[in-house]
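Report on one structure; see the data block that follows.
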Amino acid sequence: KSIDHPDIVKILEIYRDPKKLYLVMELVKGEELFDYILRKERLQEEETRKIIRQLVKIVKYLNSVNIAHRDLKPENIMINPKTLKIKLLDFGLSSYFEESKNLVSPVGTPYYVAPEVLRGSY
Numbered sequence: 001k002s003i004d005h006p007d008i009v010k011i012l013e014i015y016r017d018p019k020k021l022y023l024v025m026e027l028v029k030g031e032e033l034f035d036y037i038l039r040k041e042r043l044q045e046e047e048t049r050k051i052i053r054q055l056v057k058i059v060k061y062l063n064s065v066n067i068a069h070r071d072l073k074p075e076n077i078m079i080n081p082k083t084l085k086i087k088l089l090d091f092g093l094s095s096y097f098e099e100s101k102n103l104v105s106p107v108g109t110p111y112y113v114a115p116e117v118l119r120g121s122y
């Protein structure tokens, strides 16, 4: 709930019971970036540039507040196809980090994991 960035989905409320945790999040309109790419078949250079710029700003912000998302992939990014504005979602594998310590547990979606994570050489 402490994350505050216009391109990151907002958590509005958190409810807990003895067995489960419930998150109420803002409604994000659009489609997954994965589906957008499949539908378009090929992105124009300017589209790609606009999407990547936003994503870099999001990751830079997360780094500034010591949060590692750890599951960046097109399925966790919503895009408004008309404006190309994106929102990052799914912080289920995210973690706070301290600059002096490495995150050592390998997490993420197998098809998107960096080779150095698979090798354990990071």
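In terms of full-length UniProt numbering, the sequence shown is residues 1 to 122. Ideal Cβ positions, reconstructed from N, Cα and C, are used throughout, including at glycine. The structure displayed is predicted, hence computed values, not measured ones.
Query	Result
By how many angstroms is the C-alpha of lysine 40 removed from the C-alpha of residue 168?	Residue coverage of the chain in this structure runs from 1 to 122, which leaves residue 168 outside it and unanswerable.
Pull up the distance between the alpha-carbon of asparagine 80 and that of leucine 89, whole angstroms please.	14 Å
Going along the chain, which residues of its own chain have a beta-carbon closer than 6 Å to the beta-carbon of tyrosine 61, five neighbours each way excluded?	His5
Strictly by DSSP, which residues pair up with alanine 68?	Ser95
Looking at the secondary structure, which residues open and close the alpha helix (DSSP H) in which lysine 19 lies?	Lysine 19 -> no alpha helix (DSSP H), and no H or E assigned at all.
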